[in-house]
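Single-structure report; data block below.
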Amino acid sequence: MSQIIRNISSIREEWKQLVKKRIKKNKRKNQYTVAYQFDQAQDKTIKKTDLLLIVKNIPHTIPNINVFRLKTNIQFSLNINNEFSMGSLSIDPHSNNYKVVRIDKRKNLTILTLDQIDRPITPSDVLYQIFKNRNQQLAEAFHLYDLRNLEASKLTLNQISEINEFESSIKSSPYACYVSIYEKGMWRTFQKIFNHKMLEVLAISENMLINYCNETKLIPLSAYFDVSDGQLHIFKKIFSARVEQADTKRDYINYNGDRFTATLKIKTFIIKNEDKDQLFEYTYCVTDCENKWMSGERVKRNEMEYFNIKPSNSTTDESSYMEQSKRCGFKQLF
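Positions 705 to 1038 (our numbering) are the ones given, in order, by the sequence shown.
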């Protein structure tokens, strides 16, 4: 069975059980909390008070801080903001509408469970017009991707055996996988998964990723987004690759700020859960790059810098302890 399907199924069931649990603790009443009616003997009259209710209708088509949430689960923001980025890495557009709420480690996989941020739904036409004003080809690529997600009933279903075969073919390659669910007429991303080789492309360690996601709730990304690119070529490539399942060349960036070009291979599988009438989409993003961009030594150096770990010349536990004592700011008294 697919390693990803096996792991996310168990995590999803566990997560659902945790969400269902609610601890209810009734407040104990005592002499300080029991209300005493001083005026029970008095005649009470109910006074009516005129209230002025002010209703301000805010069009739901205007997204918060230029962030768009669509039924088709397409991620886009008018502002490319890397203020809280991890090193020089970009921030995954999914972070516009999702936050990381759980992290699991499974062999060579790091699994991020996502929770959707409650934002108003924006009609697809709004985003289509924005793209059309910038680039007609971009608008058409978006329209095809949006249409593909809207017509979920027309998607070709796959067998789990196909995913097993595909995972076997990419086990030595860097990849990330998005897992989405279709229910009640809407798509929702549930998880993003990195294998260890993909973390090497990002030039980060698993510990770095876990710390960053816990601190910021954001997701790092290796794609390079050019702030000055008014035509949004990177999004056109993303939309087209999702629809056509085609390989595309794109600019990557790692934690250190190194930019390089690599091939991104997109492969999507649709699995239907007949019992619950749900669709699950597994979108694999496989990177084909030169080996020099996958360096374990670079990852180690970055981890030491990230956690501010001072290198020690000693090798034994005792000498390592002595090294820490030397850096201590307190004087030892005898």
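Backbone N, C-alpha and C fix where the C-beta goes; we use that ideal spot for every residue, glycine too.
None of the values given here were measured: they were computed from a predicted structure.
| Item | Value |
| --- | --- |
| Ala907 versus Ile709, Lys896, Lys809 and Leu793, residue with shortest Cα-Cα distance | Leu793 |
| Residue nearest to Lys811 in terms of C-alpha spacing, selected from Tyr956, His798 and Lys901 | Lys901 |
| Gln949 burial status per 10 Å Cβ neighbour count (16 or more: buried) | exposed |
| Span separating the alpha-carbon of Tyr849 from that of Val947 | 6 angstroms |
| Rounded separation between His847 and Phe772 - CA only | 15 angstroms |
| Secondary structure of Arg823, DSSP reduced to three states | coil |
| Given Leu774 as reference, the closest of Asn868, Pro827 and Ile815 once Cα atoms are compared | Pro827 |
| Limits of the unbroken beta strand (DSSP E) element including Tyr959 | Tyr959 -> no beta strand (DSSP E), and no H or E assigned at all. |
| Nearest-angstrom Cα separation, counted from Gln779 out to Asn800 | 7 angstroms |
| Beta-carbon gap between Thr952 and Lys941 smaller than 7 angstroms | yes |
| Among Asn918, Asn711 and Thr972, nearest to Gln863 - alpha-carbon criterion | Thr972 |
| Environment of Ile897 [buried if 16+ CB atoms lie within 10 Å] | buried |
| CB-CB length for Thr920 against Leu818, believed under 8 angstroms | Not quite, the Cβ-Cβ distance comes to about 13 angstroms (not below 8 angstroms), so this is no contact. |
| Counted within 10 angstroms of its Cβ, other Cβ atoms place Ser909 as buried (16 or more) or exposed | buried |
| Alpha-carbon spacing of Asn995 relative to Arg838, whole angstroms | 36 angstroms |
| Alpha carbon of Leu816 to alpha carbon of Val830, nearest angstrom | 30 angstroms |
| Outcome for Phe984 when other beta-carbon atoms lying within 10 angstroms are tallied against a minimum of 16 | buried |
| Reference Gln928, options Thr965, Ile825 and Tyr916, closest by Cα | Looking at the sequence provided, one finds Tyr at residue 928 rather than Gln. That would be Thr965, whose Cα lies nearest to the Cα of Tyr928. |
| Whole-Å CB distance - Tyr959 paired with Asn1006, under 8 angstroms assumed | 5 angstroms |
| Sub-7 angstroms separation of His798 and Ile974 beta-carbons | no |
| Extent of the continuous beta strand (DSSP E) run through Ser799 | Ser799 -> no beta strand (DSSP E), and no H or E assigned at all. |
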